Amino acid sequence: MQSHPRTIRLRSCLLFVLLATQITVSLSLISNGPLTSVEKVHCAQVKWLFRGVGCTKFLDRYWERKPLLTRSNQNSRQKVKNLFQVRDFPTLLQLWHMKSNDTHGQVLFIEPGTFKHDASIVPQGAQITRKEVMAALDAQRTVIIHNLEIYWGPVARFSLQLAGLFHMYAQANLYWSPGGLKSSISPHQDAQSVFIVQLSGYKTWKLFRSKEKVKEVPNGELALKRTHQGKGEDILKESDIGGNSGVILEARLSPGDVLFIPRAMFHSTTTAGEKEDSLHITIGIETETDGLVWGDILTKTLSNVATEAPIWSQNLRESIPIRGLRSPQDKTFLKETAVERLKILIKNLETI
Numbered sequence: 003m004q005s006h007p008r009t010i011r012l013r014s015c016l017l018f019v020l021l022a023t024q025i026t027v028s029l030s031l032i033s034n035g036p037l038t039s040v041e042k043v044h045c046a047q048v049k050w051l052f053r054g055v056g057c058t059k060f061l062d063r064y065w066e067r068k069p070l071l072t073r074s075n076q077n078s079r080q081k082v083k084n085l086f087q088v089r090d091f092p093t094l095l096q097l098w099h100m101k102s103n104d105t106h107g108q109v110l111f112i113e114p115g116t117f118k119h120d121a122s123i124v125p126q127g128a129q130i131t132r133k134e135v136m137a138a139l140d141a142q143r144t145v146i147i148h149n150l151e152i153y154w155g156p157v158a159r160f161s162l163q164l165a166g167l168f169h170m171y172a173q174a175n176l177y178w179s180p181g182g183l184k185s186s187i188s189p190h191q192d193a194q195s196v197f198i199v200q201l202s203g204y205k206t207w208k209l210f211r212s213k214e215k216v217k218e219v220p221n222g223e224l225a226l227k228r229t230h231q232g233k234g235e236d237i238l239k240e241s242d243i244g245g246n247s248g249v250i251l252e253a254r255l256s257p258g259d260v261l262f263i264p265r266a267m268f269h270s271t272t273t274a275g276e277k278e279d280s281l282h283i284t285i286g287i288e289t290e291t292d293g294l295v296w297g298d299i300l301t302k303t304l305s306n307v308a309t310e311a312p313i314w315s316q317n318l319r320e321s322i323p324i325r326g327l328r329s330p331q332d333k334t335f336l337k338e339t340a341v342e343r344l345k346i347l348i349k350n351l352e353t354i
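Mapping of the sequence shown onto the numbering used here: residues 3 to 354, in sequence order.
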């Protein structure tokens, strides 16, 4: 018996909420030491993403360090068939009121050679139907649907399995690009480490060295959302990031292939020479969104110390002296004073 669309929507939401409550969030470095029993369960469910490497080795050697390409096999090709396919679009758009460039159910139409939404296809906030999607594809736009994990049960389960291993939210965005685009998406950075899962068709990816090297981080400076480059009006060309001499990996993905791209690594895509459309999911591990970068952790720690810690933290509650706000010379005094107070904080952290 076929379920009513409203029932299917409700089941999808409940599935996501119920499974999410089972994820134990930890601030520990999950790449250190053996996997926990819970992590092993989730590892078994997603290890096909890095087949031949394994979860522990992936966390230690690849996570936020270097890319990994995993070619398809029969198992992965079957898994992507069950995740989402072009045939599922009519049902998705029937079940959910997707809207153009809106907060919820967001659909974007990306102009070739950019990572910028084309607002000329439909007005912002307008509901998207199959007609608008096909019009965008005919206009050589890449169609993006954000947060597919909220709207499609199989993708929700997949995202939650990844969240269970990484202890962070895993957001799934769907990309549908027409064949024959010289530049389907221009070079850019993401503020998340991402898994690219090719669902159907073919797309070629280029990964670039970052211009700026950071010690012990081969993929260059780790971008935050406020600092990443190449999106919206910030349109980059491959020549801006080293051109062909800066390419460290170039790969044509086919159905079932998986490409892991570390946070901040520049990348671009093309469907040039392809006769059929490309469909893939990008799963972003939301490190920064969940506040699990060291800057967030230390900022929260400092805030907690200033409001809740013992009497030695009194100097963290004092106001900045007016003297420190007057002139460049007085700002030097302000920096020196801040350093001294941070030393007191570090010395007493064990008592918190």
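Idealized CB from N, CA, C, for every residue including glycine. These numbers come from a predicted model, not from an experiment.
Just to confirm, are residue i and residue j a CB contact at a threshold of 7 Å?
i	j	result
S179	P114	no
R132	F111	no
N77	W50	yes
P257	R79	yes
I243	F268	yes
H44	Q194	no
N149	Q126	no
A141	S161	no
R211	G248	yes
A274	L71	no
Name the one or two DSSP bridge partners that residue i has.
i	result
K101	Q108 and Q129
N175	T284
S270	K208
R254	T206
T144	I112
T72	V260
I187	T271
I198	L261 and T284
T234	Reading off the sequence shown, one finds Gly at residue 234, where the question assumed Thr. Bridge partners of G234: F117.
Quick one: measure Cβ to Cβ for residue i and residue j, integer angstroms, because I've assumed they're closer than 8 Å.
i	j	result
I130	K101	6 Å
V135	L281	Not a contact, Cβ separation roughly 12 Å.
V196	I263	5 Å
L255	I198	7 Å
L336	I322	7 Å
On a Cα-Cα basis, can you pick out the residue from the options that is closest to residue i?
i	options	result
L37	F210, C57 and W98	C57
H190	V249, N75, S270 and V43	S270
I187	K118, G54 and E41	K118
L304	T334, G155, S247 and L344	L344
P69	H148, L150, F160 and W207	W207
L2	F86, F60 and Q163	Outside the shown range of the chain, which is 3 to 354, sits residue 2, and nothing can be said about it.
L176	A165, M170 and V157	V157
G155	W98, L209 and Q108	W98
V109	V88, T93, D90 and V145	V145
L167	E338, V40 and K349	V40
D292	L255, K81 and Y171	Y171
G181	A46, E342 and T272	T272
K239	T93, T116 and W65	T116
H230	D259, F86, R265 and E320	R265
E320	A340, E290, F335 and K333	A340
A165	K302, N350, D259 and V48	V48
L183	D279, I348, A137 and D259	D279
W65	I348, E338 and T289	T289
L95	D120, I147 and E276	I147
F86	A128, R159 and R63	R159
*With contact counted as at least three CB pairs below 8 Å, one residue from each stretch, are the segment 231-249 and the segment 283-296 in contact?*
Using a Cβ-Cβ distance cut-off of 8 Å, the segment 231-249 and the segment 283-296 are not in contact, since fewer than three pairs of beta carbons, one from each stretch, lie closer than that value.
*asked:* Contact between the segment 202-210 and the segment 294-304 is defined here as three or more beta-carbon pairs at a separation below 8 Å; is this criterion met?
replied: Proximity of the segment 202-210 to the segment 294-304 falls short of the contact definition, fewer than three beta-carbon pairs being nearer than 8 Å.
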